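Taken in sequence, the protein lines are chains A and B. One point on numbering: in full-length UniProt numbering, the residue at position 181 of the first sequence is 181, and numbering is uninterrupted. One point on numbering: in full-length UniProt numbering, the residue at position 392 of the second sequence is 392, and numbering is uninterrupted. Just so you know, even glycine gets a beta-carbon here, dropped at the ideal spot from N, CA and C. None of these values were measured; they are calculated from a predicted model. First up is the structure itself, then whatever we jot down about it.
Protein chains: 2
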Amino acid sequence: MKKYLLLFLCCGSIVGANAQANRDSLVIRQVADEILANGKAYEDLRVLTKTIGGRLAGSPQMVKAEQWGAATLRAAGADTVYFQECMVPHWVRGEKEQAKIISNRRDFIPPLNILALGNSVGTGAKGVTAGVIEVKSFDELEAKKDQIKGKIVFYNYAFKSNFVKTFHSYGDAVKFRGSGASRAAKYGAVAVIVRSMSHSTDNNPHTGSVNYDTTQPKIPAVAIGLQDADRLSTRVANDPSAKVYIRTMCQKLPDTIGHNVIGEIRGAKYPDEFVTVGGHLDSWDVCEGAHDDGAGCVQSIEILRTFKKLGIQPQRTLRVVLFANEENGGRGGAKYAEIAKAKNEKHVFALESDAGGFTPRGFMLECTPEQRAKLVSFKPLLLPYGAYDFDEVGGGVDVGFLHRALGTPMGELSPDSQRYFDIHHAASDVFENVNRRELLLGAVNMAGLIYLVDQYGL
Amino acid sequence: MKKYLLLFLCCGSIVGANAQANRDSLVIRQVADEILANGKAYEDLRVLTKTIGGRLAGSPQMVKAEQWGAATLRAAGADTVYFQECMVPHWVRGEKEQAKIISNRRDFIPPLNILALGNSVGTGAKGVTAGVIEVKSFDELEAKKDQIKGKIVFYNYAFKSNFVKTFHSYGDAVKFRGSGASRAAKYGAVAVIVRSMSHSTDNNPHTGSVNYDTTQPKIPAVAIGLQDADRLSTRVANDPSAKVYIRTMCQKLPDTIGHNVIGEIRGAKYPDEFVTVGGHLDSWDVCEGAHDDGAGCVQSIEILRTFKKLGIQPQRTLRVVLFANEENGGRGGAKYAEIAKAKNEKHVFALESDAGGFTPRGFMLECTPEQRAKLVSFKPLLLPYGAYDFDEVGGGVDVGFLHRALGTPMGELSPDSQRYFDIHHAASDVFENVNRRELLLGAVNMAGLIYLVDQYGL
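Right under this line is the structure:
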């Protein structure tokens with residue numbers, strides 16, 4: 001290190017810049033060595049997923065996860081750990097959903113594998129039985145609007161296979177889950193079934209939030225697995241007597257108290273400037289929330305642990321935030337931004353990891369062109385660890401609130417997305433589907449970027 | 001397309017080059033759409049792994065796999081399909097290996113999970129029982145050379161965690177598997193146990209070939225799982241009475257007949273120039289050989305299928321080669337090069353996929369600087385499909401023979417390597433650990449590179 005210091009003092013700015021890049025590269029190498037050899041993120045994730053499991057806002061598991069988060073941040077060496085209270089929605093799934101095809105034909109028909117969509121109303125104990133209108137687009141819904149009254153609308157839009165980045169497929173298809181119920185209710189539908197947003201090869205249904213349009217009646221909405229969606233489609237096309245029975249006992253209870261869990265390392269030089277890094281602590285109830293978003297939480301904690309372990313003292317205050325209630329409300333992210341604004345805090349950068357714990361490929365960014373140029377200038381230092389793609393515009397849902405409230409530049413880790421929608425919001429989002437090295441390598445790249453932003457600002 | 005043609009005719013060479021790049025980009029997009037939506041590689045792999053399974057050279061499964069390869073190439077639309085005979089080694093594992101720690105202490109000790117190394121001699125039915133000398137380097141072996149006579153040498157070198165590209169960890173550690181037996185035999189060891197080349201979190205032993213130095217006695221060599229390696233190490237350090245019993249019934253039979261399986265599309269313009277793409281058809285006996293190297297075989301066949309389906313007529317003859325006996329001999333690759341040389345064939349490029357069916361990151365290349373520059377110039381056309389890393393020097397083992405015999409430029413698909421050594425040469429290399437989209441995306445990048453090399457030569 002002395003050699004570099006000497007060079008820096010003796011020579012002009014170009015050599016100085018090179019020396020600085022060399023020093024940064026050595027620090028990031030040290031960070032990578034520590035995380036890849038001694039990283040705790042994988043073990044932390046095992047505890048979160050296997051001893052707590054699914055942890056939807058308002059559930060007892062949410063409370064346990066908050067306690068886990070605080071304890072884990074303390075163990076990682078945070079200077080301070082605290083809770084930030086916010087009201088969160090409290091939706092409960094209730095009894096396991098039931099669904100089946102009913103037909104005048106005498107053939108055996110296995111039950112349909114469904115999950116109620118988050119925030120959906122239930123059918124009540126009697127369930128709903130009705131004929132099915134299948135549509136593959138909203139245009140087709142409009143064209144069939146006169147047939148819909150009293151029926152179940154089945155949105156059977158196939159997840160597109162030809163986007164290389166699968167989040168584009170999700171962006172393309174998710175409208176049916178989000179607004180399909182209200183658009184069908186407008187024409188008198190009694191329920192909707194939505195083909196899962198996935199190109200998995202299994203039959204797991206994938207849940208996720210429905211967003212009701214308050215001007216329309218709220219009708220039950222469920223997701224269906226891919227194999228069952230194909231089976232239902234064939235049946236509807238060939239059996240005029242076919243009806244579907246759906247029974248969901250989900251309900252919305254009054255809002256309850258949840259918390260963002262926050263751990264900090266106080267900045268040495270600019271303690272009143274903040275660099276935020278986080279994931280969301282809640283997950284859907286039907287899975288372990290390992291990739292979504294246990295991974296983002298443990299990666300963020302790993303950064304703090306590694307900085308402490310290696311004695312890397314940030315200049316700005318580093319805040320690790322485990323956000324409440326991303327999945328069906330976004331209240332944690334909103335509260336964090338609200339308080340930051342009320343306190344007139346200066347936020348330099350906010351990074352989220354909420355796209356799975358898969359092998360990292362880069363970062364999505366949303367900021368000014370100047371800030372982007374600066375962030376992209378760090379690319380050569382991260383390339384050895386797999387981050388090369390800085391082209392996508394975006395940031396995490398949670399830090400998005402801060403971005404909109406304060407204009408804070410934001411980013412999100414971009415892991416490889418090929419496997420993500422196999423497991424997203426489905427029973428298969430479990431610890432076993434996370435690879436230790438991929439998870440840790442994501443943390444390495446995040447730590448590298450956070451270190452550089454802290455050093456140079458934006 | 002007409003628009004681009006017009007541009008090309010009207011304007012100068014820069015615009016012409018752009019138009020060509022646009023046309024190429026459209027062709028590769030078409031290739032990607034076809035493979036991602038209709039690709040057969042995953043189903044082909046299911047058949048190979050689930051109906052045939054492990055297929056070591058000389059085994060009955062090798063013969064079945066050759067038949068499968070020919071039938072699958074024909075179904076994919078190859079103009080011609082043929083076999084290229086070569087003699088292959090015939091090593092058989094025999095009865096399941098046994099190993100245990102024997103101690104004067106009365107505590108219960110579970111058996112050790114081991115696999116004989118490929119081409120290893122067996123212990124015979126009585127097995128070998130001896131004290132254990134643990135070493136972590138060849139230097140340590142030399143330092144302990146006087147203690148080794150009559151003992152089992154235990155190479156307990158930990159797979160390094162801090163290489164981001166895990167093949168570097170493999171390159172660093174594999175010497176103990178390759179030459180450890182003969183180096184220990186030199187000092188009178190009776191057997192060797194080698195810590196598996198893996199950073200998996202399970203206890204599967206990972207096999208692979210041992211290379212005996214013919215000037216030394218051949219002694220039995222086995223791989224041990226990671227958890228058991230740690231257990232053995234602790235025992236050896238703390239229990240002076242500890243011995244290990246090993247029984248392996250493997251043996252080398254006389255060489256037998258195997259085949260490279262080859263499918264071609266005849267080149268429209270230069271039928272006597274060849275572009276080779278392939279993987280190796282053999283695999284270790286203890287797994288399904290899904291990633292190693294069923295993936296490379298089905299990806300190579302996928303390219304041929306896609307070109308035929310889309311009517312992409314190569315200018316040069318495209319040869320898909322499913323090589324025989326990569327794992328414990330390399331005889332298929334050697335034979336292919338020998339025949340190519342004897343026939344004085346003109347080989348333009350040879351590409352292999354033998355690093356797993358994981359999400360692609362680029363290509364290793366081994367060729368002249370001019371050829372490399374040309375190959376790297378294709379990068380922008382492949383970047384949208386995930387290939388950005390063209391920096392590593394290398395090519396597949398099989399096409400390496402051609403490279404050395406004829407100087408043919410060669411390459412190898414570089415998939416993400418984080419998961420590879422979890423499953424490499426172990427019982428966990430099964431179909432279930434291959435992701436459909438990752439496998440297909442590898443084929444997309446290979447097809448793109450092959451298309452461009454065929455169009456522009458090197």
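The C-beta distance from Q251(A) to G54(A) rounds to 17 angstroms, too long to fall under 8 angstroms, and the pair is not in contact. In the DSSP assignment, L318(A) is bridged to I265(A) and V275(A). Annotation note: the segment 311 to 373 of chain A contains the following uninterrupted beta strand (DSSP E) runs of length 3 or greater, listed N- to C-terminal: 316 to 323, 346 to 352 and 360 to 366. T80(A): member of the beta strand (DSSP E) spanning T80 to V92, first to last residue. For S103(A), the closest Cβ of chain B is not nearer than 8 angstroms. Against chain A, the beta carbon of P240(B) has no neighbour under 7 angstroms; the closest one sits roughly 31 angstroms away.
For R106(B), there is no enclosing alpha helix (DSSP H), since its DSSP letter is neither H nor E. In the pairwise beta carbon analysis, the segment 139 to 157 of chain A is classified as touching the segment 181 to 191 of chain A: at least three pairs are separated by under 8 angstroms. The continuous beta strand (DSSP E) containing E134(A) extends over residues V128 to V135.
Taking a C-beta cut-off of 7 angstroms against chain B, the contacting residues of the segment 371 to 395 of chain A are P384, Y385, G386 and Y388, listed in chain order. Chain A places a beta carbon closer than 8 angstroms to that of D33(B), counting this residue as a contact.
At a Cβ-Cβ threshold of 8 angstroms, L232(B) and V275(B) do not count as neighbours.
The beta carbon of R247(A) lies closer than 6 angstroms to those of Q98, T123 and G127 in the same chain, with the five residues before and after it left out.
About 6 angstroms separates the CB atoms of N113(A) and P205(A); that is less than 8 angstroms, so the two are in contact. At a cut-off of 8 angstroms between C-beta atoms, E438(A) counts as an interface residue with respect to chain B.
In the pairwise beta carbon analysis, the segment 288 to 306 of chain A is classified as not touching the segment 371 to 381 of chain A: fewer than three pairs are separated by under 8 angstroms. Burial check for Q61(A): the Cβ neighbour count within 10 Å reaches 16 or more, so the residue is buried. Going by DSSP, I224(A) is part of no alpha helix (DSSP H) but of the beta strand (DSSP E) stretching over A221 to I224. With respect to the 8 angstroms criterion, V320(B) and L73(B) are classified as neighbours on the basis of their beta carbons.
According to the DSSP assignment, A41(A) belongs to the alpha helix (DSSP H) that extends over A41 to V47. Distance between N211(B) and E392(B), taken at the CA atoms: about 26 angstroms. Annotation: the continuous alpha helix (DSSP H) that includes M446(A) extends over R436 to Y456. The segment 29 to 39 of chain B makes no contact with the segment 335 to 348 of chain A: fewer than 3 CB pairs, one atom from each, lie closer than 8 angstroms.
In this structure R331(B) is buried. Its beta-carbon is surrounded by 16 or more other beta-carbon atoms within 10 angstroms. When C-beta distances to chain B are compared with 8 angstroms, the residues of the segment 163 to 176 of chain A below that value are V164 and T166, in chain order. Around the beta carbon of S414(B), 16 or more other beta carbons lie within 10 angstroms, which makes this residue buried. By DSSP's assignment, V153(B) forms a beta bridge with I133(B) and V192(B). Interface residue (Cβ-Cβ distance to chain A less than 8 angstroms): A37(B) is classified as such.
Fewer than three Cβ pairs drawn from the segment 420 to 431 of chain A and the segment 375 to 390 of chain A lie within less than 8 angstroms of each other, which leaves the two stretches out of contact. Comparing alpha carbon positions, the residue from L441(B), S182(B), R305(B) and G58(B) closest to K218(B) is S182(B). For N435(A), the chain B residues whose Cβ falls inside 8 angstroms of its Cβ are Q418, R419 and D422, in order along the chain. Look at the beta carbons and you see the segment 252 to 267 of chain A not touching the segment 152 to 161 of chain A: under three pairs across the two are nearer than 8 angstroms.
One Cα belongs to L281(B), the other to S241(A), and the distance between them is close to 51 angstroms. H291(B) is outside the set of residues whose beta carbon lies under 8 angstroms from a beta carbon in chain A.
For a Cβ distance threshold of 7 angstroms, residue set L36 and A37 of chain A lies close to S161(B), ordered along the chain. Against chain B, the beta carbon of L441(A) has neighbours under 8 angstroms at V164 and Q418, listed in chain order.
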